[in-house]
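In this note's numbering, the protein residues as written are 16 to 292. Virtual Cβ for every residue (Gly too), placed ideally from N, Cα, C. A quick note: this is a predicted structure, and the numbers were derived from the prediction, not measured. Structure record follows, encoded as structure tokens.
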Ligand SMILES: C[S@@+](CC[C@H](N)C(=O)[O-])C[C@H]1O[C@@H](n2cnc3c(N)ncnc32)[C@H](O)[C@@H]1O
């Protein structure tokens, strides 16, 4: 008989573990969420008691089990050109303002999930270069996520019909930036992929020195963190941006107490943040 009932104590220990490792806060009544996500791993790792699986995750005896548990606890929902306006602002305002920097433009897509965000940034850049006939501009995109599975998916750059249909991929963009494989799935073209370096990175590890960026996208992830962790991460972003650097958050997210570092810029279609001088 499989036991999928999590004891209160195990739930408390798991919540504490997840918070310490990722910054993700589980609400008190989220035991059902842990149960539904972790029970999928019981068969894979041959546990018949979910509490024993949780003990194994917390003890970190097996990196594979711990990573798999963290992976299933993250929410990876994403879309091509999600919310549109960040890519519009990038094309119309930010790229023109950086056209004379004389070095590659540096962009960080932090918490990039399965790659739709960084690939949308790369497509935006490519379209901008075509429209403005700019041969000289170059872009380096770093795209990171906590989940190894997501980073593997990003690196593969292979998407099925369903995921291609979600968001703002026009038929023209599909033609221009993807090749269709024999199995019917589509793969991102190498010229787009070469703009992006994918890496596993935990946003909670703010002690790690990062590069300096012109623009950081960190969208639809800060909502999972406590106010303290969120402020720590935003402070880290401020230190990782070049002078006048830009930060995009998710459409329903706000900067909260980190407004000491950023000015809010409102424009017709949405808002973004600019590093204070
Ligand atoms: C909802 S997705 C957002 C993807 C994309 N930014 C967007 O807006 O479409 C959230 C992503 O954050 C990642 N994530 C969660 N906690 C993280 C952490 N501590 N460090 C880095 N990434 C994290 C998850 O793995 C997931 O892929």
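| Same chain only: Cβ atoms within 8 Å of residue 101, ignoring 5 sequence neighbours per side | The beta carbon of residue 101 is closer than 8 Å to those of 232, 234, 263, 285, 287 in its chain, skipping five residues each way along the sequence.
| By a C-beta neighbour count over all protein chains shown, 10 Å radius and 16 as the cutoff for buried, is residue 275 buried or exposed? | Around the beta-carbon of residue 275, fewer than 16 other beta-carbon atoms lie within 10 Å, marking it exposed.
| field | Nearest residue (CA-CA) to residue 27, options 43, 19, 36 | value | Checked all of 43, 19, 36; the closest Cα to residue 27 is 43.
| said: Less than 8 Å between the C-beta atoms of residue 136 and residue 128, yes or no? | reply: In this structure, residue 136 lies away from residue 128, with their beta-carbon atoms at least 8 Å apart.
| task | Measure the C-alpha to C-alpha separation of residue 114 and residue 152 and round it to an integer number of angstroms. | result | Note on geometry: alpha-carbon atoms of residue 114 and residue 152 lie some 7 Å from one another.
| Is residue 121 helix, strand or coil when you go by DSSP? | Reduced to three states, the DSSP call for residue 121 is strand.
| message | Under 8 Å: do the segment 68–87 and the segment 169–188 share three or more Cβ pairs, one atom per stretch? | response | Judged by Cβ distances under 8 Å, the segment 68–87 makes no contact with the segment 169–188, as fewer than three pairs qualify.
| task | Return helix, strand or coil for residue 35, following the three-state DSSP convention. | result | Note: residue 35 maps to helix in three-state DSSP.
| query | With distances taken from CA atoms, which of 93, 64, 30, 61 is nearest residue 49? | reply | Of the candidates 93, 64, 30, 61, the one whose C-alpha sits nearest the C-alpha of residue 49 is 30.
| query | Which of the three DSSP states, helix, strand or coil, is assigned to residue 19? | reply | For residue 19, the three-state secondary structure derived from DSSP is coil.
| task | Flag this pair as touching only if the segment 243–252 and the segment 215–223 have three or more C-beta atom pairs under 8 Å; answer yes or no. | result | Yes: at least three Cβ pairs fall under 8 Å.
| request: Below 6 Å CB to CB, which residues in the same chain sit around residue 240 once its five sequence neighbours on both sides are set aside? | output: Hits under 6 Å: 38.
| said: Does residue 291 pass the burial test, meaning 16 or more other C-beta atoms within 10 Å, or should it be called exposed? | reply: Counting Cβ neighbours within 10 Å, residue 291 comes out exposed, since fewer than 16 surround it.
| message | Are the CB atoms of residue 230 and residue 261 within a distance shorter than 8 Å? | response | Yes, Cβ-Cβ distance for residue 261 and residue 230 is below 8 Å.
| said: Does residue 152 come out as helix, strand or coil in the three-state DSSP assignment? | reply: Coil.
| query | How is the alpha helix (DSSP H) around residue 52 delimited, first residue to last? | reply | Start and end: 46–59.
| request: Just confirm the distance between the C-beta atoms of residue 106 and residue 226, as a whole number of angstroms; I'd bet it's less than 8 Å. | output: Contact between residue 106 and residue 226 is ruled out by a C-beta separation of about 23 Å, above the 8 Å threshold.
| query | What did DSSP end up calling residue 172 once you bin it into helix, strand or coil? | reply | Three-state DSSP puts residue 172 in coil, outside helix and strand.
| request: Spatial neighbours of residue 20 within its chain, please: CB distance less than 6 Å, with the 5 preceding and 5 following residues excluded, ordered by chain position. | output: Excluding residues within five positions, none has a Cβ falling inside 6 Å.
| request: Please name the residue in 163, 214, 98 whose C-alpha comes closest to that of residue 86. | output: Comparing Cα-Cα distances from residue 86 to each of 163, 214, 98, the minimum goes to 163.
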